[in-house]
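K.L.:
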Amino acid sequence: MTHPVNDGVILALDGIVKRFGAAVALDGASLAVRRGTLHAVLGENGAGKTTLMRIAFGMLPPDAGTIRLDGVARRLASPADAIAAGIGMVHQHFTVVPAMTVAENVALGGRGRYDARAAADRVREVGARAGLALDPDARAGDLSVAGQQRLEIVKALARDARLLILDEPAAVLGPAEARELLTWLRGYVDAGATAVLITHKLRDALAFADDVTVLRRGRTVATARAAATDETALTRHMLGAADGTDDAALATVGAGPAAHHDAAPTAGPVRAAARDLRYVDARGVTVVRDATFELRAGELVGVVGVEGSGQRELLRLLAGRLAPTAGTLTRPARVGFVPEDRHRDALLLDGSLVENVALRGAGARRGLVPWTALGRRTTTLLERFDVRAGPAGATLPARALSGGNQQKLVVARELAGDETGTPELVVAENPTRGLDVRATAAVLARLRDARAAGAAVIVYSSDLDEVLALADRVLVVYDGHVRPAPAEREAVGRAMLGVFD
Numbered sequence: 249m250t251h252p253v254n255d256g257v258i259l260a261l262d263g264i265v266k267r268f269g270a271a272v273a274l275d276g277a278s279l280a281v282r283r284g285t286l287h288a289v290l291g292e293n294g295a296g297k298t299t300l301m302r303i304a305f306g307m308l309p310p311d312a313g314t315i316r317l318d319g320v321a322r323r324l325a326s327p328a329d330a331i332a333a334g335i336g337m338v339h340q341h342f343t344v345v346p347a348m349t350v351a352e353n354v355a356l357g358g359r360g361r362y363d364a365r366a367a368a369d370r371v372r373e374v375g376a377r378a379g380l381a382l383d384p385d386a387r388a389g390d391l392s393v394a395g396q397q398r399l400e401i402v403k404a405l406a407r408d409a410r411l412l413i414l415d416e417p418a419a420v421l422g423p424a425e426a427r428e429l430l431t432w433l434r435g436y437v438d439a440g441a442t443a444v445l446i447t448h449k450l451r452d453a454l455a456f457a458d459d460v461t462v463l464r465r466g467r468t469v470a471t472a473r474a475a476a477t478d479e480t481a482l483t484r485h486m487l488g489a490a491d492g493t494d495d496a497a498l499a500t501v502g503a504g505p506a507a508h509h510d511a512a513p514t515a516g517p518v519r520a521a522a523r524d525l526r527y528v529d530a531r532g533v534t535v536v537r538d539a540t541f542e543l544r545a546g547e548l549v550g551v552v553g554v555e556g557s558g559q560r561e562l563l564r565l566l567a568g569r570l571a572p573t574a575g576t577l578t579r580p581a582r583v584g585f586v587p588e589d590r591h592r593d594a595l596l597l598d599g600s601l602v603e604n605v606a607l608r609g610a611g612a613r614r615g616l617v618p619w620t621a622l623g624r625r626t627t628t629l630l631e632r633f634d635v636r637a638g639p640a641g642a643t644l645p646a647r648a649l650s651g652g653n654q655q656k657l658v659v660a661r662e663l664a665g666d667e668t669g670t671p672e673l674v675v676a677e678n679p680t681r682g683l684d685v686r687a688t689a690a691v692l693a694r695l696r697d698a699r700a701a702g703a704a705v706i707v708y709s710s711d712l713d714e715v716l717a718l719a720d721r722v723l724v725v726y727d728g729h730v731r732p733a734p735a736e737r738e739a740v741g742r743a744m745l746g747v748f749d
């Protein structure tokens, strides 16, 4: 791969170094963003993508290196400096204030006295110009995930950003919403804007970006025009070939629907069973309707359904996070649960890794917490599940881990079990969302390991191809009804829309 010609560069990061204690997050990384282009920054979780862009947005100071805007060296000491320079950033984890209106969120952080009418007019003006219509009076917390992300973009554009940075914007969206966002982003750039897209999805980068840069372990390893490279070359740059696991990772993620089914052991005794299971939510809406099914030891069951069909509530019933309204549900005492939102539902972000591991089985312990033993156990889990915590090891705060390593920590804790034993039932919601190729392969491999060890494993994923490649059998959830999936992929897609052949 060759470096693009350095013409019309709006943002240049050269030789950027960033350390967090003994850990080196960036080791001389560089990036050149051409004006009027969409530049994708690729890399594994923990490669340094977000850290590099946080430096560009003034959130972190570099330990070495230079930042140039329009060819002029700049010191961006804060996000306020970056905003004043025309840089906007949409973070992977949203910063909207749920209790405030859309207009109030857009005006937040602005100078002068708050003018409700002017703020509402600004939302309408920016929304109309960018094709991102929002109701200024809507409460931010009432917006969908896609709506909140739209609000984050409007906030940045309302501050006259001429360079927009988006950190894994598709990670929190379903496939249709993600494609809609990327299509908008492509049109936004085609209209004369400039944007940087942090992503781990190679196909998105190749389909929508003009230029691509690959980071690996804090270093820039390749930059190219998107049209001049391909998925195979980018994957090799992302993964490298240092540990011999790359081919296995690629084969695992790219496998076809039946690739892993031969490895499944014969299903054993029933681990969980539902009969006429019903769940009515706080709004009085029946979300799960008279579901009847069994989950057996040694099988991996996939769950698919369009957003809002009841699949999340179904899995949370199985995990014990929700109580059935009617019907019967039997489940084992030992259940591992990997929730979709690890920050909200799985981690103490400011707690150490050993404190996070201690959450497993915390309610069942009596007496003093055996911290020394838990520390040793945590260190073992970090090694076994390849959670890269650096020199700090088990004492590192969970917040300091990359997203992929945070997810591997949750998987390690939930699948390894506790003093009472390993889980007999594993429930996972979108366990690979937002992960790169290697981390995805690692998580899927661990789910198969749990199945091979005799657990019943049930996985919901918004990625239909992932479910078909992973599962021994598939359940379709539509309007709260749970049915066995058809054999053909196209028929599964129709069933998700309520069309059963």
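Under the working numbering, the first residue of the sequence shown carries the number 249, and numbering increases by one thereafter.
From the three backbone atoms N, C-alpha and C, an ideal C-beta is built for every residue, glycine too.
#1: Reducing DSSP to helix, strand and coil, say where Asp-275 ends up.
#2: Suppose you measure from the CA of Thr-343 to the CA of Glu-416; what does that come to, to the nearest Å?
#3: Helix, strand or coil: which one does DSSP assign to Arg-370?
#4: Between the beta-carbon of Val-420 and the beta-carbon of Val-393, is there less than 7 angstroms?
#5: How many Å lie between Ala-522 and Leu-577 at the Cα?
#6: Check the C-beta distance from Leu-274 over to Thr-298 and give it rounded, since I have them as a contact under 8 angstroms.
#7: Threshold first: 4 residues or longer. Then list the alpha helix (DSSP H) segments lying entirely within the region 328-414, N to C.
#8: Spatial neighbours of Phe-247 within its chain, please: C-beta separation below 7 angstroms, excluding the five flanking residues on both sides.
#9: Any idea what DSSP makes of Gly-669, helix, strand or coil?
#10: Would you grab the beta carbon distance between Leu-723 and Pro-732 for me? Rounded to a whole angstrom, and I think it's under 8 angstroms.
#11: Where does Asp-510 land, buried or exposed, given buried means 16+ other C-beta within 10 angstroms?
#12: Can you tell which of Thr-643, Val-586, Ser-600, Arg-647 has its C-alpha closest to the C-alpha of Leu-692?
#13: Can you have a look at Val-345 and say buried or exposed, based on whether 16 or more other CB atoms are within 10 angstroms of its CB?
#14: Figure out for me which residue from Asp-529, Thr-534, Gly-550 has the closest Cα to the Cα of Phe-541.
#15: Pairs of beta-carbons, one from the region 590-600 and one from the region 654-673, closer than 8 angstroms: are there three or more?
#16: Buried or exposed for Met-370, going by 16 or more other Cβ atoms inside 10 Å?
#17: Suppose you measure from the CA of Leu-498 to the CA of Lys-449; what does that come to, to the nearest Å?
#18: Can you tell me which of the three DSSP states Val-705 falls into?
#19: For Gly-263, which residues in the same chain have their Cβ closer than 6 angstroms to its Cβ, ignoring the five residues on either side in sequence?
#20: Taking all protein chains shown into account, decide if Glu-738 is buried (16 or more other Cβ within 10 angstroms of its Cβ) or exposed.
#21: At the level of alpha carbons, what is the spacing between Asp-666 and Pro-580?
#22: Where does Phe-268 fall in DSSP's three states?
#23: Do Ala-676 and Arg-519 come within 7 angstroms of each other at the CB atom, strictly closer than that value?
#24: One question on the structure: do Asn-653 and Glu-588 come within less than 7 angstroms of each other, judged by their Cβ atoms?
#25: Spell out the partners DSSP gives Thr-471 in its beta bridges.
#26: Could you tell me whether any non-hydrogen atom of the ligand NAD is closer than 6 angstroms to the CB of Val-420?
#27: Can you list, in chain order, the stretches of the alpha helix (DSSP H) that have 4 or more residues and sit fully within the region 637-667?
#28: Under DSSP, the beta strand (DSSP E) around Arg-523 begins and ends at which residues?
#29: Kindly indicate the opening and closing residues of the alpha helix (DSSP H) around His-287.
#30: Given a cut-off of 7 angstroms, decide if Tyr-362 and Ala-351 are closer than it, judged by their beta-carbon atoms.
#31: Pair every Cβ in the region 284-299 with every Cβ in the region 442-458, then say whether three or more of these pairs are closer than 8 angstroms.
#32: Can you list, in chain order, the residues of its chain whose CB lies under 7 angstroms from that of Thr-573, leaving out five sequence neighbours each side?
P.N.:
In this structure, then:
#1: As a working note, residue 275 is residue 27 in the sequence shown. Strand at Asp-275.
#2: As a working mapping, residue 343 is identified with position 95 in the sequence shown. As a working mapping, residue 416 is identified with position 168 in the sequence shown. Approximately 14 angstroms, taken between the alpha carbons.
#3: The count along the sequence shown starts at 1 and reaches residue 370 at position 122. Reduced to three states, the DSSP call for Arg-370 is helix.
#4: Along the sequence shown, one-based indexing puts residue 420 at 172. Along the sequence shown, one-based indexing puts residue 393 at 145. Yes.
#5: Numbered from its first residue, the sequence shown carries residue 522 at position 274. Numbered from its first residue, the sequence shown carries residue 577 at position 329. Rounded to the nearest angstrom, the two C-alpha atoms are 5 angstroms apart.
#6: On the sequence shown, residue 274 is found 26 positions in, with the first residue counted as 1. On the sequence shown, residue 298 is found 50 positions in, with the first residue counted as 1. Going by Cβ atoms, the distance from Leu-274 to Thr-298 rounds to 11 angstroms, so no, they are not a contact pair.
#7: Counting whole runs of 4 or more residues, the region 328-414 contains the alpha helix (DSSP H) stretches 350-355, 364-378, 393-406.
#8: With the chain running from 249 to 749 in the structure shown, residue 247 is simply not present.
#9: As a working mapping, residue 669 is identified with position 421 in the sequence shown. Strand, per DSSP.
#10: Against the sequence shown, residue 723 aligns to sequence position 475. Against the sequence shown, residue 732 aligns to sequence position 484. About 6 angstroms separates the beta carbons of Leu-723 and Pro-732, which is inside the 8 angstroms limit, making them a contact pair.
#11: As a working note, residue 510 is residue 262 in the sequence shown. Any reading at Asp-510 is ruled out, since the residue's pLDDT is 43, under 50, leaving its predicted position unreliable.
#12: Taking the first residue of the sequence shown as 1, we reach residue 692 at position 444. Comparing Cα-Cα distances from Leu-692 to each of Thr-643, Val-586, Ser-600, Arg-647, the minimum goes to Val-586.
#13: Numbered from its first residue, the sequence shown carries residue 345 at position 97. Exposed: under 16 other Cβ atoms inside 10 Å.
#14: Taking the first residue of the sequence shown as 1, we reach residue 541 at position 293. Closest option to Phe-541, Cα to Cα, is Gly-550.
#15: Touching, yes.
#16: The residue you call residue 370 lines up with position 122 of the sequence shown. The displayed chain sequence assigns Arg, not Met, to residue 370. Taking all protein chains shown into account, Arg-370 has 16 or more neighbouring C-beta atoms within 10 Å of its C-beta and is therefore buried.
#17: Position 250 of the sequence shown holds residue 498. Position 201 of the sequence shown holds residue 449. Any reading at Leu-498 is ruled out, since the residue's pLDDT is 40, under 50, leaving its predicted position unreliable.
#18: Taking the first residue of the sequence shown as 1, we reach residue 705 at position 457. Shown here, Val-705 sits in a strand according to DSSP, grouped into three states.
#19: The residue labelled residue 263 in the question sits at position 15 within the sequence shown. So the list reads Gly-276, Gly-313, once near-sequence residues are dropped.
#20: Position 490 of the sequence shown, counted from the first residue, corresponds to residue 738. A residue is called buried when at least 16 other Cβ atoms come within 10 angstroms of its Cβ; Glu-738 does not meet this threshold and is exposed.
#21: Position 418 of the sequence shown, counting from 1, holds the residue named residue 666. Position 332 of the sequence shown, counting from 1, holds the residue named residue 580. Distance between the alpha carbons of Asp-666 and Pro-580: 15 angstroms.
#22: Here residue 268 is taken as the residue at index 20 of the sequence shown, counted from 1. DSSP, read as helix, strand or coil, puts Phe-268 in strand.
#23: Indexing the sequence shown from 1 puts residue 519 at position 271. Indexing the sequence shown from 1 puts residue 676 at position 428. It is not a contact, given that the beta carbons lie outside the stated cut-off.
#24: Within the sequence shown, numbered from 1, the residue matching residue 653 stands at position 405. Within the sequence shown, numbered from 1, the residue matching residue 588 stands at position 340. The answer is no: Cβ separation not under 7 angstroms.
#25: In the sequence shown, the residue the question calls residue 471 occupies position 223. Answer is Thr-461.
#26: As for the ligand NAD, it is missing from this structure, which has no ligand bound.
#27: Positions of the alpha helix (DSSP H) runs, each at least 4 residues long and wholly inside the region 637-667, are given as 651-664 in order along the chain.
#28: Mapped onto the sequence shown, residue 523 falls at position 275. Where Arg-523 is concerned, the enclosing beta strand (DSSP E) starts and stops at 518-528.
#29: In the sequence shown, the residue the question calls residue 287 occupies position 39. For His-287, no alpha helix (DSSP H) run applies; the uninterrupted beta strand (DSSP E) run containing it begins and ends at 286-290, by DSSP.
#30: Position 103 of the sequence shown, counted from the first residue, corresponds to residue 351. Position 114 of the sequence shown, counted from the first residue, corresponds to residue 362. No, these two residues do not count as a Cβ contact at 7 angstroms.
#31: Segments in contact, yes.
#32: As a first step, residue 573 must be located in the sequence shown, where it is residue number 325. Closer than 7 angstroms at the Cβ level, and outside the excluded window around Thr-573, lie Arg-526, Tyr-527, Val-528.
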